[in-house]
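Worksheet for the structure shown next.
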Amino acid sequence: MKTTTIASHYVRAAIAGATAKGLDAQSILNKADIGLELLSEPKARVYPDKMAKLLRVLANDLQDECLGQDDKRCMPGTFETLCQLIIHSSSLKDALIKGTRFYSLFDMAIQPEFNVDAQSGAIVINQRRPSLNKHHYMTEFHLVLWHRLSCWLTGKRIPIEVADFRYSRPPHADEYRYFFYGEQRFNQPENLIRIENKYLDLPIIRNEQDLEELMKEAPYAFLVKPNNTASINAQIRQILERSPENEMPDFESIAFQLNTSTQTLRRRLKEEETSFQEIKDQVRRDIAIYHLGQNKFSINEIALKVGFTEPSTFHRAFKKWTGVTPGDYRQAENAAH
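This is the structure:
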């Protein structure tokens, strides 16, 4: 239930190709159970399962795995064929070499490349036709896709050493911590993620039956990040999510559970450019969004569940988090169903 939500920016970016080709945004969003109002609210958020449903709708309606973001279609089944090819590889390195070579056979606007040096391997995303990628959506999606696919193939949580982007830091860059955790650098020579060599030697553990199950879950499996146990943000979030919703531990208790001092914990949070309050608010926001979509509890009951004794305080906080009131959010959710 308590999965990190995704910013509405990605919904707008994902449907841009379809609407440019004349498809109706409301019709597309209705099929994915997403309210049209989400498009006009920058702070609105959506759960990964709905985002995954939207991507499936787009790929099916357009008959294009590039979601209309390229001037040439990527036929449905291309990605599954790629996976069938690389699951028989001896190592992750071998799989990434084969996989990126496979995509080089097609004239795609986004072209992956894999390079290795003495310390690490880099999955590079080249843009053959940059004008078709105005929102950077396909660049970001492909970087995430190759990383999640690497984790799935090996059954390991593979850390991203660094994520580089050729463009300037975009307005939605705060979301990158959910997708690329670790160091992110902008205005770099290439779009890439870098992985240490020791992970490239990992064996491929998947088989055809595993792939069949993955295709049933895709693209949801690629939108939910593997836990990054090295991230203090992720560790705190896990503790908060395991706690009773209305009894979240305080900062001192979190430090105790992590076997560290409050001073050290503050320093580590600062290094990750976040704070305990920010993480706590994100967890409360995502829990509230979940319950508002379920219609099992009143808004006042949800306020109590996420630790607000005064409903008015919850209303103000929720609007600050998402740009809309809890009532408006619930109304939009109900209208989408």
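Using this note's numbering, read the sequence shown as starting at 485 and increasing by one per residue. C-beta: ideal position from N, C-alpha, C; glycine also.
Residues sharing a beta bridge with R678, DSSP: A606 and V646
What are the partner residues of F598, as DSSP defines its beta bridges? I607
Taking all protein chains shown into account, decide if R690 is buried (16 or more other Cβ within 10 angstroms of its Cβ) or exposed. buried
Just how far apart, CA to CA, sit E667 and F740? 27 Å
Mind checking which residues open and close the beta strand (DSSP E) that includes Q693? Element bounds for Q693: not the beta strand (DSSP E) but the alpha helix (DSSP H), E692 to E701.
Would you be able to state if there are at least three C-beta pairs under 8 Å between the region 794 to 809 and the region 735 to 754? no
Between which residues of its own chain and M622 is the CB-CB distance below 6 Å, once the five residues before and five after are set aside? Q553 and I594
Straight-line Cα distance separating I786 from L546: 39 Å
Spatial neighbours of E736 within its chain, please: CB distance less than 7 Å, with the 5 preceding and 5 following residues excluded, ordered by chain position. T746
Would you say the region 552 to 567 touches the region 487 to 506, given that touching needs at least three Cβ pairs under 8 Å? yes
With a threshold of 8 Å, are at least 3 pairs of Cβ atoms found where one atom belongs to the region 506 to 526 and the other to the region 557 to 573? no
Same chain, Cβ closer than 8 Å to D756, neighbours up to 5 away in sequence not counted: The question names Asp, but residue 756 in the sequence shown is Glu. R661, S715, I716 and N717, listed in sequence order.
Between the region 642 to 649 and the region 582 to 597, can you find at least three pairs of beta-carbon atoms closer than 8 Å? no
What's the C-alpha gap between A657 and I571? 33 Å
Residues near N681 by beta carbon distance below 7 Å, same chain, minus five either side: Q603, S604 and G605
Figure out for me which residue from K804, G583 and N818 has the closest Cα to the Cα of H775. N818
Would you call the region 720 to 736 and the region 625 to 636 in contact, with 3 or more CB pairs under 8 Å? no
Residues in the same chain with beta-carbon distance under 8 Å from F792, minus the five sequence neighbours each way, listed in chain order, please. F798 and A801
Just to check my reading of the structure: V541 and I512 have Cβ atoms closer than 8 Å, yes? What is that Cβ distance to the nearest angstrom? 6 Å
4 or more residues per run - each alpha helix (DSSP H) lying fully within the region 747 to 803: 760 to 778 and 783 to 789
Is D734 close to the ligand GDP? I mean its beta-carbon at under 7 Å from any heavy atom of the ligand. With respect to the ligand GDP, the structure shown offers nothing to examine, as it has no ligands at all.
Where E667 falls: helix, strand or coil (DSSP): strand
Since I believe T806 is in contact with R768 (beta carbons under 8 Å), could you give me their beta-carbon distance rounded to a whole number of angstroms? Not really, about 12 Å apart at Cβ, beyond 8 Å.
Report the rounded CA-to-CA distance for D812 versus A543, giving the unit in angstroms. 30 Å
Exposed or buried, E624, counting other C-beta atoms within 10 Å across all chains shown (16 or more means buried)? buried
Quick check on R496: buried or exposed, where buried means 16 or more other Cβ atoms within 10 Å of its Cβ? buried
Return helix, strand or coil for V530, following the three-state DSSP convention. strand
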